[in-house]
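Report on the structure given below.
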Amino acid sequence: MKTVIITGITGQDGAYLAQLLLEKGNVVYGTYRRTSSVNFWRIEELGIDKHPNLHLVEFDLTDMSSAIRLLQTTEATEVYNLAAQSFVGVSFDQPVTTAEITGIGPLNLLEAIRIVNPKIRFYQASTSEMFGKVQAIPQIESTPFYPRSPYGVAKLYAHWMTINYRESYGIFGSSGILFNHESPLRGREFVTRKITDNIAKIKLGKQNVLELGNLDAKRDWGYAKDYVEGMWRMLQADKPDTYVLATNRTETVRDFVTMACKAADISIVWEGKNEQERGIDSATGKTIVAINPKFYRPAEVELLIGNPEKAKRELGWEPKTTLEELCRMMVEADLRRNEIGFSF
Ligand code: NDP
Ligand code: GDR
72 MKTVIITGIT
82 GQDGAYLAQL
92 LLEKGNVVYG
102 TYRRTSSVNF
112 WRIEELGIDK
122 HPNLHLVEFD
132 LTDMSSAIRL
142 LQTTEATEVY
152 NLAAQSFVGV
162 SFDQPVTTAE
172 ITGIGPLNLL
182 EAIRIVNPKI
192 RFYQASTSEM
202 FGKVQAIPQI
212 ESTPFYPRSP
222 YGVAKLYAHW
232 MTINYRESYG
242 IFGSSGILFN
252 HESPLRGREF
262 VTRKITDNIA
272 KIKLGKQNVL
282 ELGNLDAKRD
292 WGYAKDYVEG
302 MWRMLQADKP
312 DTYVLATNRT
322 ETVRDFVTMA
332 CKAADISIVW
342 EGKNEQERGI
352 DSATGKTIVA
362 INPKFYRPAE
372 VELLIGNPEK
382 AKRELGWEPK
392 TTLEELCRMM
402 VEADLRRNEI
412 GFSF
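Numbering (the numbering used here), first residue to last: 72 to 415.
The structure is reproduced here in structure tokens:
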């Protein structure tokens with residue numbers, strides 16, 4: 072039985088990873104932030120919030136002394152660092168906070184590992200956003216980086232710090248360059264969940280229009296539950312390394328809307344161009360999707376598609392869920408939640 076730490080257990084990946092590691096018989100210390108009203112809806116929805124091997128501990132990634140105490144008191148042997156200011160849009164408005172949490176935060180943990188116990192294994196949640204303005208298609212571990220947001224820049228710093236602590240101090244630090252992964256537990260500020268939640272509301276007559284930004288952005292979307300298994304595999308490997316987890320398929324935001332409508336039994340047709348583009352419900356003739364420029368970003372990542380060949384070869388990891396299955400799962404969950412008037 073191992074003792075492991077997951078930072079950011081209140082987030083999407085933290086919840087799924089906790090579920091997986093508990094199933095594997097680990098003792099899990101999941102960290103959450105002190106706020107006026109802490110929200111554990113995800114681990115509640117997964118039914119693991121009262122698991123006897125799950126311990127919830129307060130922790131802030133920006134406080135190195137609390138990182139040191141966390142490692143000392145738990146005596147954990149693995150740390151999965153999932154905590155971050157993870158919303159790209161917000162990073163343009165709060166670049167300094169994003170740098171402190173998402174960039175320096177992981178360094179606090181790496182330093183704490185160096186001080187408390189350099190044998191602790193460390194997983195860093197890196198991201199395809201580091202590829203930004205892409206330099207090759209598809210992207211792999213050796214593709215040059217070109218981040219396009221304060222979030223991407225901060226993550227790139229943490230990615231290189233993980234490699235630097237691996238090479239300088241022999242710390243088992245692995246970095247997973249994960250492409251977008253979604254689920255019914257995704258935050259509603261991210262585009263897929265915003266779409267499935269709004270389409271569910273439109274289907275139920277609780278809302279008229281879904282407003283979006285750039286419909287042409289292309290993303291490689293996978294299922295979060297598949298991806299947390301890849302994180303675990305990285306820390307069970309013989310040596311630390313960097314791995315891409317992705318599906319090697321890319322679709323536009325517009326395609327995802329069409330897919331979500333199909334799952335909700337709505338037939339959508341697209342009319343107009345650029346800011347005038349509209350999605351029309353062909354049964355009623357009503358506009359159900361419109362563009363609001365406030366959702367455009369100052370710099371956009373137009374196209375992401377990752378090749379996870381290395382993870383398949385070395386870790387035996389592969390995505391198992393298709394985008395259609397994922398989208399349907401999300402729409403069905405949001406229809407259920409909105410029907411009973413409960414939706415986080
Ligand atoms: P979420 O935004 O759902 O979760 C982020 C977590 O970090 C939350 O638990 C949040 O707590 C916590 N957190 C934020 N700031 C701090 C802080 N200062 N101290 C401690 N905890 C903090 O992200 P995901 O679960 O989607 O992603 C997990 C990680 O993977 C993130 O690092 C993200 O950047 C990265 N990533 C995600 C991808 C994706 O597609 N989902 C792809 C690639 C990388 P609170 O609930 O209090 O806000
Ligand atoms: P992303 O995810 O920025 O890729 O970061 P997000 O879902 O926010 O955006 C994806 C694309 O959709 C476009 N878009 C909109 N996005 C949002 N949020 N809201 C809108 O209304 C909207 N309209 C169009 C965006 O411009 C973008 O191109 C996610 C996060 O989980 C990061 O933490 C993670 O590192 C990366 O995925 C991989």
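By construction, the Cβ of each residue, glycine as well, lies at the ideal position given by its N, Cα and C atoms.
>> Below 8 Å on the Cβ atoms is my contact criterion, and I expect Q195 with N251 to pass it. Report the Cβ-Cβ distance as a whole number of Å.
In response: Mapped onto the sequence shown, residue 195 falls at position 124. Mapped onto the sequence shown, residue 251 falls at position 180. Wrong, their Cβ atoms sit about 17 Å apart, outside the cutoff.
> Could you check where the beta strand (DSSP E) with T198 kicks off and where it finishes?
Replying inline: As a working note, residue 198 is residue 127 in the sequence shown. Looking at the DSSP string, the run of the beta strand (DSSP E) that includes T198 is 192-198.
> Three-state secondary structure (DSSP) at I501?
Replying inline: In the structure as shown, the chain starts at 72 and stops at 415, and residue 501 therefore has no counterpart that could be examined.
> Cβ of G85 versus every heavy atom of the ligand GDR: is any distance shorter than 7 Å?
Replying inline: Taking the sequence shown and counting its residues from 1, the one referred to as residue 85 is at position 14. No; taking the cut-off as 7 Å, the Cβ of G85 has no heavy atom of the ligand GDR nearer than that.
>> At the level of alpha carbons, what is the spacing between I270 and A288?
In response: Counted from its first residue, the sequence shown places residue 270 at position 199. Counted from its first residue, the sequence shown places residue 288 at position 217. Each residue's Cα considered, the two are about 19 Å apart.
> Counting along the chain, where does the beta strand (DSSP E) carrying L141 start and finish?
Replying inline: Stepping through the sequence shown from its first residue, residue 141 is reached at position 70. Looking at the DSSP string, L141 is not in any beta strand (DSSP E); the run it does join, the alpha helix (DSSP H), is 135-145.
> Do Y103 and the ligand NDP come close, with the Cβ less than 7 Å from some heavy atom?
Replying inline: Walking along the sequence shown from the start, residue 103 turns up at place 32. Correct: Y103 has its Cβ closer than 7 Å to the ligand NDP.
> Rounded to whole angstroms, how far is the Cβ of I436 from the Cβ of L283, which I believe are closer than 8 Å?
Replying inline: An answer regarding residue 436 cannot be provided, because it is not within the stretch 72 to 415 covered by the chain.
> In chain order, which beta strand (DSSP E) runs of at least 3 residues are fully inside the stretch 255-336?
Replying inline: 281-283, 313-316
> Touch check for the stretch 257-266 and the stretch 208-225: three-plus C-beta pairs under 8 Å?
Replying inline: no
> Can you list, in chain order, the residues of its chain whose CB lies under 6 Å from that of S162, leaving out five sequence neighbours each side?
Replying inline: Here residue 162 is taken as the residue at index 91 of the sequence shown, counted from 1. Taken in chain order, the residues that qualify are T169, S220, P221, Y222.
>> For K277 and S107, I'd like the C-alpha separation in whole angstroms.
In response: Residue mapping note: residue 277 aligns to position 206 of the sequence shown, counting from 1. Residue mapping note: residue 107 aligns to position 36 of the sequence shown, counting from 1. Roughly 30 Å between the two C-alpha positions.
> Any heavy atom of the ligand NDP within a distance shorter than 7 Å of the CB on T106?
Replying inline: By one-based count along the sequence shown, residue 106 stands at place 35. Yes; taking the cut-off as 7 Å, the Cβ of T106 has a heavy atom of the ligand NDP nearer than that.
>> In the DSSP assignment, the beta strand (DSSP E) including H122 goes from what residue to what residue?
In response: For this step, residue 122 is matched to residue 51 along the sequence shown. Run containing H122: none; DSSP gives neither H nor E here.
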